[in-house]
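If you count the first sequence from 1, you need to add 29 to reach this note's numbering.
Heads up, the beta-carbon is just placed ideally off N, CA and C, and yes, glycines get one too.
See below for the structure under consideration.
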Amino acid sequence: MPELPEVETVRRTLKNFILNKKITDITVIYDKIISGETGKFVEAVRGQTIRDIDRAGKYLIFVLDDVAFVSHLRMEGKYNIVSTDTEIKKHEHIIFRLDDGNDLRYHDTRKFGRIELKGRGTYREELPLSKLGAEPAFADADLLFRQFKKSRLPIKSLLLDQSILSGIGNIYANEICYRMKLHPETLGTQMTKNLTQELLSVAAEVLDAATKLGGTTIHSFDAGGITGRFQSELLIHTQKVCPKCQAKVTKITVGGRGTYFCENCQKREM
DNA sequence: ACGTCCTCCTGTTCGC
DNA sequence: TGCGAACAGGAGGACG
30 MPELPEVETV
40 RRTLKNFILN
50 KKITDITVIY
60 DKIISGETGK
70 FVEAVRGQTI
80 RDIDRAGKYL
90 IFVLDDVAFV
100 SHLRMEGKYN
110 IVSTDTEIKK
120 HEHIIFRLDD
130 GNDLRYHDTR
140 KFGRIELKGR
150 GTYREELPLS
160 KLGAEPAFAD
170 ADLLFRQFKK
180 SRLPIKSLLL
190 DQSILSGIGN
200 IYANEICYRM
210 KLHPETLGTQ
220 MTKNLTQELL
230 SVAAEVLDAA
240 TKLGGTTIHS
250 FDAGGITGRF
260 QSELLIHTQK
270 VCPKCQAKVT
280 KITVGGRGTY
290 FCENCQKREM
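So this is what it looks like as structure tokens:
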């Protein structure tokens, strides 16, 4: 499931391949991927050149001449760049034909991803980007502390709330709690100012380290054929044994999400 | 305004 | 062993 480091890796990889390429045609095979009217999307994007690829949290933004489109990969979305004459694969839903003989193809096994047309100069002010919280590297600890303090939701759930902090998904939420020695069910109201500051630096550090390694490859996700090397750095997510104390890792559900933690190491007193 | 639950999907894993 | 059920989960929307 692509989170900030994986999406950033996709962004950088794509930029190398498709910057300044013109989209000469679009074929929409499965149109529920496109939010809004498919015809309008195709009409607006056809003939436009890719001027930049931006990112906000887990969203990718393709910036074209006159418009932009926002793409969320959700669980299993991928972009493949292949020669136009390559046979279309089963889960390729949107085909962008480029003017260099290649296609940019959106592939998504579970069809959860979404692509939506936005204004070139206004996409950050439009939903859904407009309600994203800051990324951990740029977040304000005082504001975050106030948001934590007023919620009785578990910290794990608050970390996954994109309107509070953007870019963290289930894998990194688990990793951040573990590195903080924090029980994932610690309530927002139990957080202290110091702990919040520490959480921000741990979160930024983990995301940065993962980005430097090309993200984490989980299940079918990879960034344009690039295998994320953060996979081997995971300390708790999908682990059987705690690397610190060798205790058996506990798996519970928090806010409907699979949560891995060590009962021995993650019981820090507030 | 906030929290909870449901929906979207398909491939994989689990249980009987 | 086989097959249906449960699970995986990010975000958006319905609902209370």
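Rounded separation between residue i and residue j - CA only
i, j, result
"Lys147", "Leu264", "39 Å"
"Gly65", "Ala73", "12 Å"
"Thr279", "Leu189", "20 Å"
"Tyr88", "Leu187", "19 Å"
"Glu37", "Glu204", "18 Å"
"Tyr289", "His266", "6 Å"
"Asp237", "Ile63", "31 Å"
"Glu145", "Leu182", "31 Å"
"Gln268", "Arg149", "43 Å"
"Glu35", "Ile200", "11 Å"
"Ala170", "Val231", "12 Å"
"Glu292", "Glu262", "20 Å"
"Lys277", "Arg208", "17 Å"
"Leu48", "Arg103", "23 Å"
"Glu154", "Ser100", "16 Å"
"Lys50", "Thr113", "14 Å"
"Leu229", "Val235", "10 Å"
"Lys257", "Tyr108", "The question names Lys, but residue 257 in the sequence shown is Gly. Going by the C-alpha atoms only, they are around 15 Å apart."
"Ile281", "Met30", "19 Å"
"Asp95", "Arg80", "10 Å"
"Phe125", "Thr115", "13 Å"
"Gln275", "Cys206", "17 Å"
"Lys241", "Phe46", "19 Å"
"Val39", "Thr245", "12 Å"
Range of the contiguous beta strand (DSSP E) that encloses residue i
i, result
"Gly217", "Where Gly217 is concerned, there is no enclosing beta strand (DSSP E), given that its DSSP letter is neither H nor E."
"Asp171", "Looking at the DSSP string, Asp171 is not in any beta strand (DSSP E); the run it does join, the alpha helix (DSSP H), is 170 to 178."
"Ser100", "96 to 101"
"Ala276", "Unbroken run through Ala276: none, as it is neither H nor E."
"Thr53", "52 to 57"
"Glu292", "Where Glu292 is concerned, there is no enclosing beta strand (DSSP E), given that its DSSP letter is neither H nor E."
"Tyr88", "88 to 92"
"Arg84", "81 to 85"
"Gly148", "143 to 148"
"Arg134", "131 to 137"
Best match in the options for proximity to residue i [C-alpha to C-alpha]
i, options, result
"Phe167", "Arg258, Ala85, Arg297", "Ala85"
"Ile90", "Gln295, Thr113, Lys44", "Lys44"
"Leu127", "Thr78, Glu154, Lys118, Val96", "Thr78"
"Cys294", "Val96, Pro272, Arg80", "Pro272"
"Glu28", "Gly285, Phe259, Leu229", "There is simply no residue 28 to check, as the chain begins at 30 and stops at 299 in what is shown."
"Asp54", "Gly68, Val235, Gln191, Thr42", "Gly68"
"Tyr59", "Arg40, Glu121, Ala202", "Glu121"
"Arg41", "Gln191, Cys274, Asp95, Gly243", "Gly243"
"Arg286", "Lys178, Gly257, Gly198", "Gly198"
"Pro157", "Phe125, Lys178, Thr115, Gln191", "Gln191"
"Asp132", "Val39, Lys241, Ile52", "Ile52"
Whole-Å CB distance - residue i paired with residue j, under 8 Å assumed
i, j, result
"Ile82", "Val92", "7 Å"
"Ile123", "Val57", "6 Å"
"Arg75", "Leu211", "That belief does not hold up - the Cβ atoms of Arg75 and Leu211 are roughly 49 Å apart, past 8 Å."
"Val283", "Glu214", "6 Å"
"Pro165", "Ala233", "4 Å"
"Gly142", "Gly196", "17 Å between Cβ atoms; not a contact."
"Lys61", "Lys140", "7 Å"
"Ile193", "Met220", "Actually they do not touch by this definition, with Cβ atoms about 12 Å apart."
"Ser180", "Gly130", "Not a contact, Cβ separation roughly 52 Å."
"Tyr152", "Ala202", "Contact flag wrong, Cβ pair sits at about 26 Å."
First through last residue of the alpha helix (DSSP H) which encompasses residue i
i, result
"Asn109", "That residue, Asn109, is in no alpha helix (DSSP H); its beta strand (DSSP E) goes 106 to 112."
"Phe46", "33 to 47"
"Ala232", "222 to 241"
"Phe259", "It is not in any alpha helix (DSSP H) - Phe259 carries neither H nor E in the DSSP assignment."
"Glu72", "67 to 74"
"Tyr207", "199 to 208"
"Lys185", "184 to 189"
* State whether the region 157 to 171 contacts the region 127 to 136, with contact taken as three or more CB pairs (one from each stretch) at a distance under 8 Å. => The region 157 to 171 is not in contact with the region 127 to 136.
* Inter-stretch contact (C-beta, 8 Å, three-pair minimum) for the region 220 to 229 and the region 170 to 177 -> Judged by Cβ distances under 8 Å, the region 220 to 229 makes contact with the region 170 to 177, as three or more pairs qualify.
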